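Numbering (UniProt numbering), first residue to last: 1 to 375. Even for Gly, the Cβ is constructed at its ideal location relative to N, Cα and C. Owing to the predicted nature of the structure, the values given are computational and were not obtained by experimental measurement. Take a look at the structure set out below.
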């Protein structure tokens, strides 16, 4: 039998409860809030404590999915477009001065909208990004004043729009392999401040904000590519070159087995050095000079799975899968245009067709790294 105190506590809790939307059951109210466009999240969260708590709850993401309100966001670490910067300087000098040389841009694949995140911290040049769940991590790169590698980490919760400083990497590095695998963000290789290629590696747990130092790879790998393996639970560092072979890209790779904590080699996996690699539904794809290719294993090699993005200048591509592998977004230079203008190409995996997206001039600069989340 409940005592008097427990009945009083229940009565006070009921009295303190405030409907999310007056006169509406909270489950219905959450369904309504889940349909708010992602671009209005910050405003929605400022309305009241109840809305802020509801939007932060794990059930909110499920409500968005059930309502068909999910949006796919691509985060691009991008250099400013010189032509756009010159035009902005003529029209509005204060706006041009505020545009960072290298920073975070966001493309909403679902709505087609572009924006710069005003809350984003300053981003080191050639920093890389990777996404795990609703979190986007910006890692490493060059200090824009000294041009030396840094160990900085910044983490965005894309569901709330809140940035925080993460635990730094154990090694300052730039031009390294970086990707999410098995719920962690892995980094490997790259080079240090003396331009020595690295074979060190580490893994980041965004939830715990902690780094796990990994065993060294068997070889140094500068400018290597990072991706998940076929099952999505293991990290793959592709190609790269040793200190003494600047630009001499290897055609092999190494993957890390988290169970044995060992690196294992894969031979002849490297596509042409200009290719962009991406994992799509458990398969390694590359976008190179003639087609979209898929890696079928060491015995079967590469096979063509789609046409090359029309008008994409070879050697400039970066790629990321979105929507669970429903689409692939590729960035790169437009072959027929000068002035450093870049664009996006969106590949529909089912129809094997490309859509060219020409961004506004201020978003048409070179993209060094990109990641995607679904919110």
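Residue nearest to residue i in terms of C-alpha spacing, selected from the options
{"i": "residue 365", "options": "352, 137, 342, 225", "result": "342"}
{"i": "residue 163", "options": "137, 238, 65", "result": "137"}
{"i": "residue 349", "options": "44, 142, 211, 285", "result": "285"}
{"i": "residue 355", "options": "347, 220, 362", "result": "347"}
{"i": "residue 257", "options": "240, 283, 79, 215", "result": "215"}
{"i": "residue 31", "options": "293, 236, 21", "result": "21"}
{"i": "residue 233", "options": "279, 224, 68", "result": "279"}
{"i": "residue 259", "options": "282, 174, 235", "result": "235"}
{"i": "residue 128", "options": "145, 160, 173, 116", "result": "173"}
{"i": "residue 185", "options": "199, 141, 133", "result": "133"}
{"i": "residue 196", "options": "244, 159, 120, 65", "result": "244"}
{"i": "residue 79", "options": "337, 351, 331", "result": "331"}
{"i": "residue 112", "options": "220, 38, 368, 34", "result": "38"}
{"i": "residue 367", "options": "238, 75, 46", "result": "75"}
{"i": "residue 201", "options": "247, 261, 277, 144", "result": "261"}
{"i": "residue 351", "options": "325, 248, 125, 161", "result": "325"}
{"i": "residue 208", "options": "168, 241, 242, 227", "result": "168"}
{"i": "residue 362", "options": "107, 251, 248", "result": "107"}
{"i": "residue 18", "options": "53, 146, 41", "result": "53"}
{"i": "residue 146", "options": "125, 266, 239", "result": "125"}
{"i": "residue 353", "options": "333, 337, 310", "result": "310"}
Cβ pair residue i, residue j closer than 8 Å
{"i": "residue 166", "j": "residue 150", "result": "no"}
{"i": "residue 305", "j": "residue 319", "result": "no"}
{"i": "residue 344", "j": "residue 357", "result": "yes"}
{"i": "residue 73", "j": "residue 123", "result": "no"}
{"i": "residue 359", "j": "residue 114", "result": "yes"}
{"i": "residue 374", "j": "residue 70", "result": "yes"}
{"i": "residue 322", "j": "residue 109", "result": "yes"}
{"i": "residue 377", "j": "residue 159", "result": "In this structure the chain extends from 1 to 375, so residue 377 is not present and cannot be described."}
{"i": "residue 300", "j": "residue 293", "result": "no"}
{"i": "residue 225", "j": "residue 277", "result": "yes"}
{"i": "residue 263", "j": "residue 254", "result": "yes"}
{"i": "residue 60", "j": "residue 101", "result": "no"}
{"i": "residue 119", "j": "residue 183", "result": "no"}
{"i": "residue 312", "j": "residue 288", "result": "no"}
{"i": "residue 252", "j": "residue 242", "result": "no"}
{"i": "residue 116", "j": "residue 130", "result": "no"}
Where residue i sits in the DSSP three-state scheme
{"i": "residue 348", "result": "strand"}
{"i": "residue 361", "result": "helix"}
{"i": "residue 224", "result": "coil"}
{"i": "residue 98", "result": "Note that residue 98 scores 42 on pLDDT, short of 50, meaning its location in the model is unreliable and no value can be drawn from it."}
{"i": "residue 117", "result": "coil"}
{"i": "residue 157", "result": "strand"}
{"i": "residue 45", "result": "helix"}
{"i": "residue 355", "result": "strand"}
{"i": "residue 20", "result": "coil"}
{"i": "residue 31", "result": "helix"}
{"i": "residue 66", "result": "helix"}
{"i": "residue 58", "result": "helix"}
{"i": "residue 92", "result": "Residue placement at residue 92 cannot be trusted, given a pLDDT of 49 that sits under 50; the coordinates are not used to answer."}
{"i": "residue 131", "result": "strand"}
{"i": "residue 240", "result": "coil"}
{"i": "residue 105", "result": "strand"}
{"i": "residue 7", "result": "With a pLDDT of only 43 at residue 7, under the threshold of 50, the placement of this residue in the model should not be trusted; the figure read from the coordinates follows. Helix."}
{"i": "residue 40", "result": "helix"}
{"i": "residue 373", "result": "strand"}
{"i": "residue 170", "result": "coil"}
{"i": "residue 251", "result": "coil"}
{"i": "residue 245", "result": "helix"}
{"i": "residue 26", "result": "helix"}
{"i": "residue 52", "result": "helix"}
Residue i beta carbon near the ligand SAH (any heavy atom closer than 7 Å)
{"i": "residue 350", "result": "For the structure depicted, the ligand SAH is absent and the ligand set is empty, with no information on it obtainable."}
Cβ-Cβ separation, residue j to residue i (assumed contact under 8 Å), whole Å
{"i": "residue 191", "j": "residue 222", "result": "5 Å"}
{"i": "residue 217", "j": "residue 188", "result": "6 Å"}
{"i": "residue 170", "j": "residue 211", "result": "6 Å"}
{"i": "residue 148", "j": "residue 199", "result": "Rounded, the Cβ-Cβ distance is 20 Å, inconsistent with contact."}
{"i": "residue 237", "j": "residue 275", "result": "In fact, because the Cβ distance is near 15 Å, the residues do not count as touching under 8 Å."}
{"i": "residue 291", "j": "residue 314", "result": "Their Cβ separation, rounded to whole angstroms, is 12 Å, which puts residue 291 and residue 314 out of contact at 8 Å."}
{"i": "residue 63", "j": "residue 41", "result": "The Cβ separation is near 14 Å, so there is no contact."}
Fill in: Contiguous beta strand (DSSP E) assignments of at least 3 residues, all confined to the stretch 179 to 209
184 to 188, 201 to 205
Worksheet item: What are the complete beta strand (DSSP E) segments, minimum 3 residues, inside the stretch 285 to 353?
Response: 291 to 295, 302 to 307, 318 to 322, 327 to 333, 342 to 348
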